[in-house]
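Numbering (my numbering), first residue to last: 9 to 86. Think of the CB as a built atom: it goes at the ideal place given N, C-alpha and C, for glycine as much as any other residue. Remarks on the structure that follows.
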């Protein structure tokens, strides 16, 4: 499933769910509260709101590949 989040839109992923192939555009928000979000494409101006506890998030941003897993964030834009 390909999910696209545009300006003003938010997708919430919680511990009971998983989401694959997500594109977040400027003004959009991906809010990961647990669970798994993979193949995320974070475009310039898009927000990624996550904790590092008990979740997996991976994808690409303007700096290349990023990931959050096992309480470790790598190459995540702040």
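Next on the checklist: Let me make sure I understand the geometry here. Which of 63, 51, 78 has the alpha-carbon closest to that of residue 72?
Outcome noted: 51
Item to check | Simplified DSSP assignment, three categories, for residue 85 | outcome: coil
Item to check | alpha helix (DSSP H) segments (min. 4 residues) lying fully within the region 52 to 80 | outcome: none
Next on the checklist: Does residue 10 come out as helix, strand or coil in the three-state DSSP assignment?
Outcome noted: coil
Checklist entry - Going by C-alpha distance, which of 74, 10, 81, 20 is nearest residue 40? => result 20
Item to check | Residues near residue 31 in its chain [Cβ-Cβ closer than 6 Å; skip 5 each side] | outcome: 12, 49
Item to check | Selection from 47, 37, 60 that minimises the alpha carbon distance to residue 14 | outcome: 37
Checklist entry - Since residue 43 is in the beta strand (DSSP E), which residue starts that stretch and which ends it? => result 43 to 50
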